[in-house]
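**Q**
There are 2 protein chains.
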Amino acid sequence: MATGRNHRPATSRSRGIPDATVARLPLYLRALTALSERSVPTVSSEELASAAGVNSAKLRKDFSYLGSYGTRGVGYDVEYLVYQISRELGLTQDWPVVIVGIGNLGAALANYGGFASRGFRVAALIDADPAMAGKPVAGIAVQHSDELERVIEENGVSIGVIATPAASAQPVADRLVAAGVTSILNFAPTVLSVPEGVDVRKVDLSIELQILAFHEQRKSGELPDDGRAVPGTDIGEDAGGGVTGSPVAPPAASVTKRTASAAPAATDRRGDEPGNDGDLPAVMPA
Amino acid sequence: MATGRNHRPATSRSRGIPDATVARLPLYLRALTALSERSVPTVSSEELASAAGVNSAKLRKDFSYLGSYGTRGVGYDVEYLVYQISRELGLTQDWPVVIVGIGNLGAALANYGGFASRGFRVAALIDADPAMAGKPVAGIAVQHSDELERVIEENGVSIGVIATPAASAQPVADRLVAAGVTSILNFAPTVLSVPEGVDVRKVDLSIELQILAFHEQRKSGELPDDGRAVPGTDIGEDAGGGVTGSPVAPPAASVTKRTASAAPAATDRRGDEPGNDGDLPAVMPA
DNA sequence: CTATCTTTGTGCACGCGTTCACAAAGACAT
DNA sequence: ATGTCTTTGTGAACGCGTGCACAAAGATAG
Ligand SMILES: NC(=O)c1ccc[n+]([C@@H]2O[C@H](COP(=O)([O-])OP(=O)(O)OC[C@H]3O[C@@H](n4cnc5c(N)ncnc54)[C@H](O)[C@@H]3O)[C@@H](O)[C@H]2O)c1
Ligand SMILES: NC(=O)c1ccc[n+]([C@@H]2O[C@H](COP(=O)([O-])OP(=O)(O)OC[C@H]3O[C@@H](n4cnc5c(N)ncnc54)[C@H](O)[C@@H]3O)[C@@H](O)[C@H]2O)c1
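Protein chains in written order, with full-length UniProt numbering: chain A, 1 to 286; chain B, 1 to 286.
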């Protein structure tokens, strides 16, 4: 999921390419680029789908939204398809990008080669720390936040990347938008509020890990139901596991007659067995 | 959101929580944690939904999968909900994690505080470069790849993070899986092939930017070649981004009578309008 | 030109996810 | 108790995305 979006007609897609398809185009493009470098002239939907890690029917349907670029009995012309997808994604033009917040992550992003190779050009690196100003990162001198608006306007930047601490993300986003940016890639763990017409996509490592943890818990616990899954991973016993600290207070009655509703909660759970309300020592958040 | 699903029969979710909901739980948890720190006792679905950037009806339905933890006429008990969601996500236990590939990105990840704050503990940092061995990154000494299997087994690691170059990703994934890892977060731009039962989530900056570029292109009104102009979105934008270079080579008839189909492609495109922002997952299962 | 084989393009059905809308639960006042 | 007001929990409708299955297009061989 991308962002904390709120605007969205929902029934607005009257002609465009489905969002799900757009999200896969870069995947196909990557696979096609690899084929192109090996001078492979054509590929079947089956081969390409396999390389991209998707279902071949899905791939064909995706391409059908772009038009009929394949040849029955043969497959797709690699070079031609690379061009068509690039064009559709808007990669046939140069996209200047600004990265705001040149800390650990921002610096890594600035050094990332995947930028330039796809038509994205780092127009500027911005940081609020005066001590950073002038320092070269990835061959580009970091500029102070004061330069933000000027840089955006002078370079016609429409895409901004936020890699500042969470607390600064919204203010930075506001400035980016005010200066003309209409697309933001946010790495800070916060929900950004932006005006209609501005796209925000977010990348949150913490969320990804939590999703993995959820599934991991099911695997080890083996109980699909309500979960008081128990540790003891399948693999070699976990020494490190176990209860460490106890940042979070156990359920317990914190307010009102919560105590009552804690047990009765079993009344609604679908197929699960009652009497659980499992209470394990809590370890976590902050 | 969570769209492309591959393994995980989808139907196997039996009485489980929908994937889309699982993906949002961390979002709710973050918002709730913030409220908790401000000692707010209860929240209504409306308030919390707003803080998490989602629709209130969706939030209520999401919570309904966990059970009936709200009180009509009042809302949800913050502390209680924090605990329930943490438990459901498996955050009440400690998850040791290994990061493989301590380069620009790997080092940034190692320094990321969002790890520990959610119950994830960096058990080890692994890199193939002998020169890196022993060097401390984020307070932890980097270990050579040879130690990979031992570290995983000794710590009962079940979650691995790959931050190596694309070419090394698959081999690293194979070793992780062979050693017992069953969940992988992949930052390398490659499709990983893993056995059934192993979850892989990927984060690809390049793909995110390309998706943004797609929408950005629509906003600026011109659909190169085949498509004609589209009504401007809203924000009086300045066609941001001056067209500079042309990263991608033009079509050119490379095979057969391709030249003909270039124009006729207009036959299928219907009319559409922009405005929609795909809320697809920034990260998809792979 | 006809037959056969390959692979695309897509109609169709199905299931997940989103959203609306409202009955009912409970808080609170009288 | 009874009534009013607030907010949850969820039934139901709907749209999107997925994947099957196959007719048709085109290549290729005879
Ligand atoms: N490091 C990671 O792997 C990682 C992973 C996921 C998310 N994040 C998130 O990314 C963000 C950055 O992480 P980091 O590890 O690089 O942090 P960091 O502290 O190393 O860097 C933050 C940088 O932002 C600058 N900054 C602060 N306020 C600013 C402002 N208003 N304008 C411009 N610059 C400003 C600071 O000077 C600093 O250089 C954080 O929100 C973090 O939660 C980081
Ligand atoms: N830097 C970014 O912002 C960014 C963004 C998106 C994706 N990525 C991807 O993340 C990966 C890492 O990027 P980076 O900028 O940190 O690269 P990098 O070259 O700085 O670091 C890669 C590290 O991996 C190590 N390595 C190589 N092969 C290995 C192996 N087989 N086992 C263990 N370690 C090995 C190298 O020694 C090096 O330290 C790349 O695949 C890149 O495409 C990076």
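Cβ atoms here follow ideal geometry from the backbone N, Cα and C, with glycine treated the same way.
Since the model is a prediction, treat every value here as computed from it, not as a measurement.
If I'm right that Ser145 of chain A touches Ile126 of chain A with Cβ under 8 Å, what's the distance once you round it to whole angstroms?
**A** 6 Å
**Q** Would you report the Cα separation of Arg118 of chain B and Ala128 of chain B, rounded to the nearest angstrom?
**A** 28 Å
**Q** Reducing DSSP to helix, strand and coil, say where Ala20 of chain B ends up.
**A** helix
**Q** For the pair the segment 203-215 of chain A and the segment 24-32 of chain B, tell me if three or more CB-CB distances fall below 8 Å.
**A** yes
**Q** Which chain B residues sit within Cβ distance under 9 Å of Glu216 of chain A?
**A** Gly90, Trp95, Ser158, Ile159, Thr182, Ser183 and Asp199
**Q** Among the candidates A:Glu88, A:Ile159 and A:Leu81, whose CA atom is the shortest distance from the CA of Ala34 of chain A?
**A** Out of A:Glu88, A:Ile159 and A:Leu81, A:Leu81 has the C-alpha closest to the C-alpha of Ala34 of chain A.
**Q** Which ranges does the alpha helix (DSSP H) cover as unbroken runs of at least 4 residues, wholly within the segment 65-92 of chain B, from first to last along the chain?
**A** 78-89
**Q** Under a three-way DSSP split, which group does Asp129 of chain B fall into?
**A** coil
**Q** Short check: CB of Leu89 of chain B to CB of Leu148 of chain B, under 8 Å?
**A** no
**Q** For my contact list, Thr21 of chain A and Tyr76 of chain A are in at a C-beta cut-off of 8 Å; report their separation, rounded to the angstrom.
**A** That pair is no contact at about 15 Å.
**Q** Quick one, which of B:Pro165, B:Gly16, B:Lys219 and B:Asp62 has its alpha-carbon nearest Ile102 of chain B's?
**A** B:Pro165
**Q** Using 8 Å as the limit for Cβ to Cβ distance, is Pro189 of chain B near chain A?
**A** yes
**Q** For the candidate residues A:Val40, A:Leu105, A:Ala178 and A:Ile152, whose alpha-carbon lies nearest to that of Val97 of chain A?
**A** Nearest of A:Val40, A:Leu105, A:Ala178 and A:Ile152 to Val97 of chain A, Cα basis: A:Ile152.
**Q** With distances taken Cα to Cα, identify the nearest neighbour of Ala108 of chain A among A:Ala213, A:Phe187, A:Val78 and A:Gly221.
**A** A:Phe187
**Q** Out of curiosity, what's the CA-to-CA distance linking Gln84 of chain B and Lys219 of chain A?
**A** Linking Gln84 of chain B to Lys219 of chain A through their CA atoms gives a straight-line distance of about 19 Å.
**Q** Hey, is Met132 of chain B close to ligand 1, as in C-beta under 7 Å from one of its heavy atoms?
**A** no
**Q** Measure the alpha-carbon distance for Val78 of chain A versus Asp174 of chain B and round it to whole angstroms.
**A** 30 Å
**Q** Which runs of the beta strand (DSSP E), 3 residues or longer, sit entirely within the UniProt domain "CoA-binding" (90-191) of chain A?
**A** 95-100, 120-127, 140-144, 159-162 and 183-186
**Q** Just checking Asp174 of chain A against ligand 2 - is the residue's beta carbon closer than 7 Å to any of the ligand's heavy atoms?
**A** Result no, Cβ not under 7 Å from ligand 2.
**Q** Hey, does Ser168 of chain B have any beta-carbon neighbour from chain A nearer than 8 Å?
**A** Interface residue (Cβ-Cβ distance to chain A less than 8 Å): Ser168 of chain B is not classified as such.
**Q** With distances taken from CA atoms, which of B:Ser193, B:Arg201 and B:Leu185 is nearest Gln170 of chain B?
**A** Nearest option by C-alpha distance: B:Ser193.
**Q** On the criterion of 16 or more Cβ atoms from any shown chain inside 10 Å, does Arg150 of chain A qualify as buried, or is it exposed?
**A** exposed
**Q** State yes or no: is the C-beta of Ile126 of chain A nearer than 7 Å to some heavy atom of ligand 1?
**A** yes
**Q** Are the Cβ atoms of Val122 of chain A and Ala110 of chain A separated by less than 8 Å?
**A** yes
**Q** Checking contacts by CB at 8 Å: is Ile99 of chain B closer than that to chain A?
**A** no
**Q** Grouping DSSP H, G and I as helix and E and B as strand, with all else coil, what is Arg38 of chain A?
**A** If DSSP states are grouped into helix, strand and coil, Arg38 of chain A belongs with coil.
**Q** Given a cut-off of 8 Å, decide if Glu216 of chain B and Ser183 of chain A are closer than it, judged by their beta-carbon atoms.
**A** yes
**Q** Going by the beta-carbon positions, is the gap between Ile159 of chain B and Ala23 of chain A smaller than 8 Å?
**A** no
**Q** Quick check on DSSP: helix, strand or coil for Asp199 of chain A?
**A** strand
**Q** Have a look at the DSSP bridge pairing and note the partners of Val43 of chain B.
**A** B:Tyr76
**Q** Cα separation between Tyr65 of chain B and Ile17 of chain B?
**A** 6 Å
**Q** Does Met284 of chain A come within less than 8 Å of chain B when only Cβ atoms are used?
**A** Unreliable positioning characterises Met284 of chain A in this predicted model, as indicated by a pLDDT of 28, which lies under 50. The coordinate reading is nonetheless provided below. Interface residue (Cβ-Cβ distance to chain B less than 8 Å): Met284 of chain A is classified as such.
**Q** Kindly indicate which residue of B:Ala213, B:Val200 and B:Leu185 has the alpha-carbon position closest to the one of Leu185 of chain A.
**A** Ranked by Cα distance from Leu185 of chain A, the first of B:Ala213, B:Val200 and B:Leu185 is B:Ala213.
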